[in-house]
Amino acid sequence: MAASQVCIDTHDYMTTVTINRPEKRNALTYDLFRELKATMQRLGDDPQTRVVVIRGAGTRAFSAGMDLGDVLQGIQERPDRPIDHELVHGTMQAVEAHP
1 MAASQVCIDT
11 HDYMTTVTIN
21 RPEKRNALTY
31 DLFRELKATM
41 QRLGDDPQTR
51 VVVIRGAGTR
61 AFSAGMDLGD
71 VLQGIQERPD
81 RPIDHELVHG
91 TMQAVEAHP
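For the sequence shown, full-length UniProt numbering gives the first residue as 1, with consecutive numbering after it.
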């Protein structure tokens, strides 16, 4: 199993969610979107979390945006729909739904 790309630390009702791909400037893969969405949904039910802070690991960037490798793979596999907009939008909705 691959290492987690999302790290979680909770202290005093504040949970820090760290996108953990500093070697790729925290570029967002589809796997990372899935993991971030699931994490945010879990935190929504966590009584120990009142505030969520999302950050990028390392010092170079919060996030470079979409991982172009995933976009290229999407173009090759699904030329009519290379980006999974439903997954990206669903993840952003999960982030937006949390304080």
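Every residue gets a Cβ at the ideal spot worked out from N, C-alpha and C, and that includes glycine.
Since this is a predicted model, take the numbers as computed values, not measurements.
If you run the structure through DSSP and keep just helix, strand and coil, what is residue i?
i: Ile83; result: coil
i: Thr15; result: strand
i: Met1; result: For Met1, the pLDDT reaches just 44, beneath the cut-off of 50, and the residue's location in the model is therefore unreliable, although a value from the coordinates is still provided. Here Met1 sits in coil by DSSP.
i: Thr49; result: coil
Could you give the C-beta distance for residue i and residue j, rounded to a whole number, given that I count them as a contact under 8 Å?
i: Ala94; j: Met66; result: With a Cβ gap of about 17 Å, Ala94 and Met66 do not count as contacting.
Starting from residue i, follow the alpha helix (DSSP H) in both directions and report where the run begins and ends.
i: Gly74; result: Leu68 to Glu77
i: Ile44; result: The sequence as given places Gly at residue 44; Ile does not occur at that position. Looking at the DSSP string, the run of the alpha helix (DSSP H) that includes Gly44 is Tyr30 to Gly44.
Can you tell me which of the options puts its alpha carbon nearest to the alpha carbon of residue i?
i: Glu23; options: Met40, His11 and Gly56; result: Gly56
i: Ser64; options: Arg21, Ala3 and Tyr13; result: The question names Ser, yet the displayed sequence has Ala at residue 64. With distances taken between Cα atoms, Ala64 lies closest to Arg21.
i: Leu68; options: Val6, Arg60 and Pro82; result: Pro82
i: Ile19; options: Thr10, Asp12 and Phe33; result: Phe33
i: His11; options: Thr49, Asp70 and Arg60; result: Thr49
i: Tyr30; options: Val53, Pro79, Gly90 and Ala61; result: Gly90
i: Ala3; options: Ala97, Leu87, Glu35 and Ile75; result: Glu35
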